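Residue numbers (our numbering), protein chains in the order written: chain E, 4 to 343; chain Y, 4 to 343.
#1: Which residues in chain Y sit within 9 Å of residue 113/E, going by Cβ to Cβ distance?
#2: Which one of 136/E, 145/E, 174/E and 173/E has the shortest CA to CA distance from residue 159/E?
#3: Spell out whether any CB of chain Y is found under 8 Å from the CB atom of residue 262/E.
#4: Could you give the residue range of the alpha helix (DSSP H) that holds residue 22/Y?
#5: On the three-pair Cβ rule with 8 Å, is the segment 225-241 of chain E touching the segment 261-279 of chain E?
#6: For residue 283/E, which residues from the same chain have a beta carbon less than 8 Å from its beta carbon, with the 5 sequence-adjacent residues on both sides left out?
#7: Under 7 Å Cβ to Cβ from residue 144/E, same chain only, skipping five residues before and after it: list those, please.
#8: Could you tell me whether any Cβ in chain E is nearer than 8 Å to the Cβ of residue 241/Y?
#9: Secondary structure at residue 62/Y, three-state DSSP: helix, strand or coil?
#10: Does residue 59/Y come within less than 8 Å of chain E when only Cβ atoms are used?
#11: Do residue 78/E and residue 109/E have their C-beta atoms within less than 8 Å of each other?
#12: Assuming contact is defined by CB atoms lying nearer than 8 Å, are residue 287/E and residue 304/E in contact in what I supplied?
#13: Quick one: give me the first and last residue of the beta strand (DSSP E) that residue 136/E is part of.
#14: Shortest alpha-carbon distance to residue 335/Y belongs to which of 48/Y, 187/Y, 90/Y and 125/Y?
#15: Using a Cβ-Cβ distance cut-off of 8 Å, determine whether residue 300/Y contacts chain E.
#16: Please identify the residue among 177/Y, 152/Y and 337/Y whose C-alpha is closest to the C-alpha of residue 323/Y.
#17: Got a sec? Which residues, its chain only, sit under 6 Å from residue 244/Y by beta carbon, not counting five neighbours each side?
#18: Could you tell me the alpha carbon to alpha carbon distance between residue 189/Y and residue 221/Y, rounded to whole angstroms?
#19: So what does DSSP say about residue 90/Y, is it helix, strand or coil?
#20: Within the same chain, show all residues whose beta-carbon is closer than 6 Å to that of residue 12/Y, passing over the 5 residues directly before and after it, in chain order.
#21: Under 8 Å by Cβ, that's how I've got residue 227/E and residue 196/E pegged, so tell me the actual separation to the nearest angstrom.
#22: Using a Cβ-Cβ cut-off of 6 Å (strictly less than) and excluding sequence neighbours within five positions of residue 162/Y, which residues of its own chain qualify?
#23: Using a Cβ-Cβ distance cut-off of 8 Å, determine whether residue 325/Y contacts chain E.
#24: Starting from residue 237/E, find everything on chain Y with Cβ-Cβ shorter than 9 Å and list it in chain order.
#25: Which class does residue 112/Y belong to by DSSP, given the choice of helix, strand or coil?
#26: So if I threshold CB-CB distances at 8 Å, which residues from the segment 152-166 of chain E count as touching chain Y?
#27: Would you mind giving the Cβ-Cβ distance between residue 124/Y and residue 102/Y, rounded to the nearest angstrom? I have them listed as a contact below 8 Å.
#28: Of all Cβ atoms in chain Y, is any one closer than 8 Å to the Cβ of residue 345/E?
#29: Just to confirm before moving on: does the CB-CB distance between residue 97/Y and residue 319/Y stay below 8 Å?
#30: Please classify residue 175/E: does DSSP put it in a helix, a strand, or coil?
#31: Name the two residues that bound the continuous beta strand (DSSP E) containing residue 232/Y.
#32: Any beta-carbon of chain Y closer than 8 Å to the one on residue 29/E?
#33: Give the interface partners of residue 83/Y over in chain E, defined as CB-CB distance under 7 Å, in chain order.
#34: Would you mind giving the Cβ-Cβ distance between residue 34/Y and residue 19/Y, rounded to the nearest angstrom? I have them listed as a contact below 8 Å.
#35: Relative to the C-alpha of residue 294/E, which candidate in 23/Y, 279/Y and 261/Y has its C-alpha closest?
#36: Apart from the five residues just before and just after residue 214/Y, which ones in its own chain have a Cβ nearer than 8 Å to its Cβ?
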């Protein structure tokens with residue numbers, strides 16, 4: 004610990020009163036300086052003295068105490084997801100967080116593991132967030148939204164495949180992905196299209212609207228859509244491949260690239276030629292799909308840029324009480340390679 | 004909104020005083036009932052009346068106010084990671100969170116995007132957590148640890164490839180992964196081993212100790228270790244494959260399965276036979292690696308079960324002031340398939 008000549012001993016937690024005493028100023032001045040309150044004129048030497056005293060004592064402001072004094076927090080609650088998010092979502096959240104921080108919000112993530120749709124909003128409300136961005140994996144009810152509102156949340160915003168009554172919605176409409184993949188297969192002349200439905204729990208939220216989008220796109224062409232349950236396991240894919248020819252399909256939209264890689268390998272092992280006999284298209288446009296032979300066709304997704312979203316959250320907080328707004332974030336386009 | 008006959012209008016946030024008035028009890032009674040304080044005897048009808056009044060008013064306790072009264076929080080801060088975590092880490096964090104919640108802690112995640120090693124602990128300290136589990140992606144300094152301690156954190160715990168002076172450490176020792184992969188290649192008779200070093204930022208934290216582990220394992224066999232910088236792009240892999248034969252390597256540990264898949268495809272496209280000419284081993288034991296031909300050999304990692312870890316966090320909070328503890332979480336073993 005030689006780097007730390009003034010290593011503090013364990014002792015009472017320093018307060019703003021301690022800082023005020025050491026700097027020879029009032030507690031109000033300490034508060035103004037450390038919270039960067041620009042509306043009060045305080046000389047630069049005084050500001051410096053307060054900051055130095057805070058550093059020497061190891062004092063940092065208490066977010067909860069500050070928010071109690073202010074009557075509200077600047078906390079935006081972003082409940083954590085129950086499944087690993089891909090790089091697309093990860094980057095999106097990361098940038099949204101940065102954007103909100105630039106607007107002086109504190110972004111806090113809070114899990115909902117083991118909490119149901121009633122308990123979760125109550126647990127979130129205890130933190131008194133000024134805004135909640137709830138992912139679609141929690142089925143927010145009007146009651147839950149009301150609990151959050153009454154606890155002081157100015158904006159309750161859902162982020163998921165579809166809007167929820169009474170809340171603002173950032174929609175990542177998964178139907179778009181299904182209709183995009185199916186449209187591509189229809190263009191390639193396919194008319195009997197399987198749609199992989201992952202059996203892993205939690206994915207139905209994405210898979211069901213993708214299937215609905217596929218059905219919608221197939222309608223005008225009189226094409227057939229066949230849902231195909233599949234587990235993310237080699238055995239499950241081998242079983243599906245073994246009965247492939249009995250189903251008379253000429254194409255498959257495989258939910259995403261990982262399921263597509265799994266199924267394409269099983270089809271090839273069963274002697275089914277891709278794309279001649281069956282065209283395969285995934286989604287996510289992973290780099291790994293390009294390493295396959297044939298190279299995997301996919302659907303590339305893009306999300307709206309997050310800074311306007313951070314501004315949107317800020318606007319909804321500043322002007323609560325308006326009608327629920329719905330914003331569409333997702334753009335999808337087919338990427339044609341060799342498997343379709 | 005027909006599901007909600009008593010949809011509240013926007014109005015002042017209900018307080019415990021409102022609940023007390025409606026239920027005809029004291030504020031203390033409201034607090035005892037809603038915080039499940041079992042040490043005070045309150046009749047079941049009274050408890051029910053309080054709960055019904057709280058529900059009717061949409062009142063939930065204020066975590067910050069409660070923690071201010073109690074003088075400490077039950078908040079465990081788990082800073083979010085700057086990169087997408089794989090399923091192994093995701094499951095681990097998820098279970099650790101559940102374990103801590105069972106012990107009545109509130110687990111809150113807080114990002115550190117754009118904050119440096121000095122700012123981040125100060126931002127965390129503002130939330131007054133009772134414990135912080137900081138991931139290795141933030142280089143906690145003794146000063147940072149001191150700021151957290153002085154703000155009231157009873158336990159500061161780092162979670163990463165190596166311990167940090169003055170904090171408890173949960174170590175996921177990545178050297179183990181490198182030595183395990185290299186040990187496997189040595190066993191298969193290989194002596195000139197390339198080690199892929201991803202050029203993507205943030206991965207050095209894992210790649211460097213993996214390389215060190217490989218060097219360590221190679222030492223006793225007099226084997227050669229050659230670091231191989233690689234970007235996660237087909238062009239980068241093709242360039243490496245094009246000069247492969249000039250390097251005289253007979254094996255490669257490719258950092259993880261994704262880089263292994265990328266490199267193996269490039270080697271095969273360059274006419275290099277795997278495993279005859281060059282053995283390839285990845286890490287993570289992804290299902291996708293089993294779909295390749297030859298099937299990819301890998302290193303499977305396992306993490307300690309999280310419930311004892313939640314208990315450990317609780318013990319460190321209850322008994323602060325002890326010497327820093329270091330616990331090793333990672334177990335690795337080679338999985339031999341066809342590529343090595």
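Note that CB positions come from ideal geometry on N, CA and C, so glycine has one too. If you're wondering where the values come from, they're calculated on a predicted model, not measured in any experiment.
So, from the data block:
#1: Contact annotation for residue 113/E against chain Y: 109, 110, 111 and 112 [CB-CB distance below 9 Å, chain order].
#2: For the residues 136/E, 145/E, 174/E and 173/E, the minimum Cα distance to residue 159/E belongs to 136/E.
#3: No, residue 262/E does not count as interfacial toward chain Y.
#4: For residue 22/Y, the uninterrupted alpha helix (DSSP H) segment begins and ends at 19-26.
#5: Because the criterion of three Cβ pairs below 8 Å is met, the segment 225-241 of chain E and the segment 261-279 of chain E touch.
#6: So the qualifying residues of the chain are 254, 255, 257, 263, 266, 267, 270, 277, 299, 300, 342 and 343.
#7: Contacts found: 120.
#8: By this cut-off, residue 241/Y is not an interface position.
#9: Residue 62/Y sits in coil when the DSSP states are folded into three classes, being neither helix nor strand.
#10: False, the Cβ-Cβ gap to chain E never drops below 8 Å.
#11: Their beta carbons are under 8 Å apart, which means residue 78/E touches residue 109/E by this criterion.
#12: Result yes, Cβ atoms of residue 287/E and residue 304/E sit closer than 8 Å.
#13: Start and end: 134-138.
#14: The option with the nearest alpha carbon to residue 335/Y is 187/Y.
#15: Under the 8 Å criterion on CB atoms, residue 300/Y is classed as non-interfacial with respect to chain E.
#16: Distances from the alpha-carbon of residue 323/Y to those of 177/Y, 152/Y and 337/Y put 152/Y closest.
#17: The residues 269, 270 and 273, in chain order, have a CB closer than 6 Å to that of residue 244/Y in the same chain once the five nearest residues on each side in sequence are set aside.
#18: About 8 Å.
#19: The answer is helix: DSSP assigns residue 90/Y an H, G or I state.
#20: Per-residue confidence for residue 12/Y stands at a pLDDT of 44, beneath the threshold of 50, marking its modelled position as unreliable; no derived number is given.
#21: The beta-carbon distance between residue 227/E and residue 196/E, rounded to whole angstroms, is 7 Å. This is short enough to meet the 8 Å contact definition.
#22: The residues are 136, 138 and 173.
#23: Judged by the 8 Å Cβ criterion, residue 325/Y is not in contact with chain E.
#24: Ordered by position in chain Y, the residues that pass the 9 Å Cβ test against residue 237/E are 290, 293 and 294.
#25: Look at residue 112/Y here: in three-state DSSP terms it is strand.
#26: For the segment 152-166 of chain E, which is checked against every Cβ of chain Y, the residues closer than 8 Å are 152, 153, 154 and 155.
#27: No, residue 124/Y and residue 102/Y are not in contact; Cβ-Cβ is about 24 Å, not under 8 Å.
#28: Nothing in the structure corresponds to residue 345/E, since chain E is present only between 4 and 343.
#29: No; because the gap between Cβ atoms is not below 8 Å, this pair is not in contact.
#30: DSSP, read as helix, strand or coil, puts residue 175/E in coil.
#31: First-last of the beta strand (DSSP E) with residue 232/Y: 227-233.
#32: Answer no: the Cβ-Cβ gap between residue 29/E and chain Y never drops below 8 Å.
#33: Correct list: 112.
#34: Sure, about 6 Å apart at Cβ, within 8 Å.
#35: For residue 294/E, the closest C-alpha among the options 23/Y, 279/Y and 261/Y is that of 261/Y.
#36: Closer than 8 Å at the Cβ level, and outside the excluded window around residue 214/Y, lie 181, 198, 200, 228 and 230.
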